[in-house]
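Just add 198 to the spot in the sequence shown (first one is 1) and you have this note's numbering.
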Amino acid sequence: MLKKRPDKKLRFGEWAVRRGFLTEDQFKVALSKKKNLTDQMVGNICVLEGFITDEQKAEILAAQFSLEYVKIEKKIGADLSEKIPLSFMKEYQVIPYEKNIDTLFFAVAEPLYSFFVEDRLELITGMNIVTAVASETVVKEILKQIELKKTPDEMQPAIAVQGEQVEKILSFEKISSETSNIIRLIDSTILNGIDKRASDIHFETSETGIIIRYRIDGMLVLARDPVDIQLHSQIISRIKVMAELDISEKRIPQDGRFKLKAFGRYIDFRISILPSIFGEDAVIRILDQQKLSEGTYEFSLSTLGLPSHDMDVINRMINVPYGMFLMTGPTGSGKTTTLYTALSEVNQNDIKIITIEDPVEYQLKGVVQIPVNEKKGLTFAKGLRSILRHDPDKILVGEIRDAETAQIALQSALTGHLVFTTVHANNSFEVINRFTHMGIAPYNLMAALNCIIAQRLIRTLCTCKVEISIPQKTLEASAVNSDQFSEHIIYGKKGCAKCNGTGFMGRKAILEIVELNDTLKELFIKNASIAALKKATADSGTAFLREAAIREVLNGTTTLDEANRVTFIGH
Numbered sequence: 199m200l201k202k203r204p205d206k207k208l209r210f211g212e213w214a215v216r217r218g219f220l221t222e223d224q225f226k227v228a229l230s231k232k233k234n235l236t237d238q239m240v241g242n243i244c245v246l247e248g249f250i251t252d253e254q255k256a257e258i259l260a261a262q263f264s265l266e267y268v269k270i271e272k273k274i275g276a277d278l279s280e281k282i283p284l285s286f287m288k289e290y291q292v293i294p295y296e297k298n299i300d301t302l303f304f305a306v307a308e309p310l311y312s313f314f315v316e317d318r319l320e321l322i323t324g325m326n327i328v329t330a331v332a333s334e335t336v337v338k339e340i341l342k343q344i345e346l347k348k349t350p351d352e353m354q355p356a357i358a359v360q361g362e363q364v365e366k367i368l369s370f371e372k373i374s375s376e377t378s379n380i381i382r383l384i385d386s387t388i389l390n391g392i393d394k395r396a397s398d399i400h401f402e403t404s405e406t407g408i409i410i411r412y413r414i415d416g417m418l419v420l421a422r423d424p425v426d427i428q429l430h431s432q433i434i435s436r437i438k439v440m441a442e443l444d445i446s447e448k449r450i451p452q453d454g455r456f457k458l459k460a461f462g463r464y465i466d467f468r469i470s471i472l473p474s475i476f477g478e479d480a481v482i483r484i485l486d487q488q489k490l491s492e493g494t495y496e497f498s499l500s501t502l503g504l505p506s507h508d509m510d511v512i513n514r515m516i517n518v519p520y521g522m523f524l525m526t527g528p529t530g531s532g533k534t535t536t537l538y539t540a541l542s543e544v545n546q547n548d549i550k551i552i553t554i555e556d557p558v559e560y561q562l563k564g565v566v567q568i569p570v571n572e573k574k575g576l577t578f579a580k581g582l583r584s585i586l587r588h589d590p591d592k593i594l595v596g597e598i599r600d601a602e603t604a605q606i607a608l609q610s611a612l613t614g615h616l617v618f619t620t621v622h623a624n625n626s627f628e629v630i631n632r633f634t635h636m637g638i639a640p641y642n643l644m645a646a647l648n649c650i651i652a653q654r655l656i657r658t659l660c661t662c663k664v665e666i667s668i669p670q671k672t673l674e675a676s677a678v679n680s681d682q683f684s685e686h687i688i689y690g691k692k693g694c695a696k697c698n699g700t701g702f703m704g705r706k707a708i709l710e711i712v713e714l715n716d717t718l719k720e721l722f723i724k725n726a727s728i729a730a731l732k733k734a735t736a737d738s739g740t741a742f743l744r745e746a747a748i749r750e751v752l753n754g755t756t757t758l759d760e761a762n763r764v765t766f767i768g769h
């Protein structure tokens with residue numbers, strides 16, 4: 199579980215003065231020297247100048263980060279470090295120094311990333327972890343002792359940054375030798391994010407510090423205490439260097455990407471830098487492209503957990519000879535994953551499938567995949583024109599954004615191709631308006647369109663879920679049938695170490711599938727009212743998003759609160 203520390207209102211030098219280890223004059227000298235030694239922390243400068251000892255520095259850091267200070271001997275028991283990889287201990291300058299029945303006590307030389315150390319050590323050891331601060335000199339001495347006992351096999355690199363030309367290996371040993379803590383902070387934040395299944399990592403600049411948050415299962419979670427605002431420039435510069443962006447440009451947005459090797463596999467990252475009133479913010483999108491190739495994720499309709507009726511409709515729609523299979527929903531609603539799943543179901547040796555995407559999120563075996571590159575002039579529209587000259591049977595267009603792409607996609611669907619694509623709209627019925635605004639006549643759209651699928655992602659309960667009773671008032675406010683709920687066991691969230699205390703583990707898709715029959719097509723062309731469209735859609739057997747969400751509550755998959763968050767009450 200993520201650990202929360204009290205806000206650190208005082209900096210190192212201020213704590214040192216308060217505790218009587220530094221005079222005001224010595225503090226000013228240290229600050230002035232830091233201007234020339236930008237890669238050195240104030241504490242290290244004070245030790246180098248002889249103002250404080252290494253032990254006093256550890257005591258001050260402990261006070262600053264609200265941790266215990268421990269003075270330990272330069273020797274530890276042989277069994278304490280057996281379960282802990284040496285590379286991890288050297289990377290984070292951490293050593294075990296005591297153990298009781300269910301708790302391991304560790305000392306760190308630099309508490310800046312102690313939050314990550316505690317989380318990882320809990321996973322590695324399966325025990326409770328208590329962290330304290332010890333002298334850097336003592337920690338290094340003990341690490342040398344441990345290194346002599348460890349085998350060479352345990353000293354493997356954990357992270358590799360892959361550039362366009364060569365692969366640069368960043369081993370734990372090399373990272374530990376860095377004088378700046380910025381690399382350690384960013385690497386630990388990324389590793390922790392991957393480990394916690396985060397889809398994005400947010401670095402947000404505020405007046406008081408840099409706030410780091412993970413997006414896990416669609417919700418933002420605080421990753422750690424705010425980082426000192428003085429480190430802002432170094433953090434953003436490091437992220438820019440990793441993505442090969444211009445570190446001198448701070449006035450305009452920048453986008454880039456890089457690749458890391460973490461936990462034994464390569465993972466792609468997209469970077470977005472955005473100027474704000476307090477400085478530049480950064481968002482790192484995590485794209486784990488090797489999930490499919492390693493077999494950890496299978497693109498199959500059976501994995502979506504859909505009702506049999508929905509499965510039947512999708513199977514029928516993806517096996518028609520031509521037309522448009524259209525998905526809609528907001529950004530991050532899982533549309534692309536569902537499209538990949540549908541495409542994989544019809545991916546056979548005797549047909550040719552070509553996709554154009556921005557970006558290519560997963561690699562599909564046997565499918566020609568083209569990434570959009572607008573800087574080089576390869577847009578969705580231009581790419582789609584070229585694709586048609588390569589004699590495809592089925593085409594995936596990542597997103598229809600403009601009139602030209604819409605026109606070509608519709609023409610493709612009418613001339614013997616099955617086109618899989620997405621459009622941003624809030625619900626199925628707004629899709630027609632989106633195409634109308636692009637200059638597409640409803641009649642032409644209806645001639646090509648086979649179905650519209652609206653999708654949302656709803657969080658699923660962890661195995662720690664508990665049975666609950668929902669008050670009648672809550673059921674009435676949620677506009678649900680109380681009789682239905684009385685006939686089912688309803689579950690609520692609890693929270694455990696596995697789900698980081700959230701009560702949820704993962705997400706699943708809920709779908710609203712509108713199969714375009716002749717009646718619906720005629721209503722759309724006549725610009726019928728939403729009420730008339732909904733009635734005709736319901737009569738055809740469609741379950742709306744709200745119904746799909748409530749069904750997951752009754753199945754014990756999610757909570758009523760989550761259903762209310764994802765879908766409109768009463769719709």
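Glycine residues also receive a C-beta, built at the ideal position from the N, C-alpha and C atoms.
This structure is a prediction, so every number in the text was calculated from the model and none was measured.
Problem set entry | Nearest-angstrom Cα separation, counted from G530 out to E376 | A caution first: E376 carries a pLDDT of 46, below 50, which makes its placement in the model too unreliable to give a value.
Exercise. With DSSP run on the structure shown, which of helix, strand or coil describes A639?
Worked result: coil
Problem set entry | Reference M417; option with closest CA among E405, E665, T658 and R599 | T658
Exercise. Taking the alpha-carbon positions, what's the G241 to V315 distance?
Worked result: 21 Å
Exercise. Are the segment 637–651 and the segment 684–701 in contact at 8 Å, needing three or more beta carbon pairs?
Worked result: no
Exercise. Who does E750 pair with in a DSSP beta bridge?
Worked result: Bridge partners of E750: none, in fact.
For this session: Spatial neighbours of N725 within its chain, please: CB distance less than 8 Å, with the 5 preceding and 5 following residues excluded, ordered by chain position.
Result: P640
Problem set entry | Contacting residues, own chain, Cβ-Cβ under 6 Å from I638 (five flanking each side not counted) | A604
For this session: Closer than 7 Å by C-beta to R787: which residues in its own chain qualify, once you throw out the five before and the five after it? Chain order, please.
Result: Past the edges of the chain, shown from 199 to 769, lies residue 787, and the structure says nothing about it.
Exercise. Do I471 and L443 have their C-beta atoms within less than 8 Å of each other?
Worked result: yes
Problem set entry | Secondary structure of S531, DSSP reduced to three states | coil
Exercise. What residue does the alpha helix (DSSP H) around F683 start on, and which one ends it?
Worked result: S680 to S684
Problem set entry | Length of the line joining the Cα atoms of E628 and Q561 | 31 Å
Exercise. By how many angstroms is the C-alpha of C662 removed from the C-alpha of I552?
Worked result: 43 Å
Exercise. Which residues share a DSSP beta bridge with I688?
Worked result: I666
Exercise. Among N679, E713, D453 and V558, which has the Cα closest to the Cα of R468?
Worked result: D453
Problem set entry | Between the CA atoms of A747 and I630 - distance to the nearest angstrom | 24 Å
Problem set entry | Rounded separation between G704 and T755 - CA only | 11 Å
For this session: With DSSP as the reference, please indicate the residues paired to D453 in a beta bridge.
Result: S470
Problem set entry | Environment of G614 [buried if 16+ CB atoms lie within 10 Å] | exposed
Exercise. How big is the Cα-Cα spacing for T700 and V419?
Worked result: 10 Å
Problem set entry | Residue of E559, N517 and I606 minimising C-alpha distance to E543 | N517
Problem set entry | E271 versus T251 - alpha carbon distance | 16 Å
For this session: Can you say whether S446 is buried or exposed, counting buried as having 16 or more other CB atoms within 10 angstroms of its CB?
Result: exposed
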